[in-house]
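Residue numbers for the sequence shown, in the numbering used here: 9 to 138.
Okay, structure first, notes after.
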Amino acid sequence: MADELDWPIEAMPDADSVFMRAHRVHFSNGELHPGVFKEHGGGMSVNWEKYASALETKQQATKNPEDNAVISLPVIAVRQIRDLNVEHTPTPANRAHSDVCGSPTNRELLTQARVKLLRISQVVIPLTHR
């Protein structure tokens, strides 16, 4: 087996976008809810469009990719939300991996940040109906 690659960390331009999976539990009557925007382990996992497509992002779901929509977030708009940043954090298996970091710990500010993220997001691969 070949050695896994350590991808270099790159500066992400404001003009780019990132993709994120949104599981069907975060939708109600076809509408996405702000609770989809949660940090796990210090960041909210996203894929940089430079290295992954929306479809590739969907297919990376560990189980049942069909249960996920994919949303797009413009990097500049994320960075304009108080305390938030988008950082390239590649993993050996995923050069596109990045994180949205800096979510507020204050509950009210966190809710405001999630609502703002929802407003700037766009569903690029909708859920398939079951």
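Here a beta-carbon is modelled for each residue, glycine too, at the ideal position from N, C-alpha and C.
- Message: Excluding the 5 residues flanking Arg29 on each side, which residues of the same chain have their C-beta closer than 7 Å to its C-beta?
- Response: Here the question's residue 29 lines up with position 21 in the sequence shown. For Arg29, where only same-chain residues beyond five positions count, the Cβ hits under 7 Å are Thr65, Lys66, Ala69, Asn76, Val78.
- What are the boundary residues of the alpha helix (DSSP H) that includes Leu63? Here residue 63 is taken as the residue at index 55 of the sequence shown, counted from 1. Unbroken alpha helix (DSSP H) run through Leu63: 62–67.
- Query: Within the chosen definition, does the region 96–105 reach the region 119–127 through at least 3 CB pairs nearer than 8 Å?
  - Reply: no
- Query: Is it buried or exposed for Ser25, if we count other Cβ within 10 angstroms and need 16 for buried?
  - Reply: For this step, residue 25 is matched to residue 17 along the sequence shown. Counting Cβ neighbours within 10 Å, Ser25 comes out buried, since at least 16 surround it.
- Message: Any beta carbon from chain B within less than 7 Å of Thr113's own beta carbon?
- Response: Absent here is chain B; the protein component of the structure consists of one chain.
- Reducing DSSP to helix, strand and coil, say where Pro42 ends up. The residue labelled residue 42 in the question sits at position 34 within the sequence shown. Residue state, collapsed to three classes: helix.
- Pair within 7 Å by beta-carbon distance, Leu92 and Val86: Mapped onto the sequence shown, residue 92 falls at position 84. Mapped onto the sequence shown, residue 86 falls at position 78. Cβ distance < 7 Å, so Leu92 and Val86 count as in contact.
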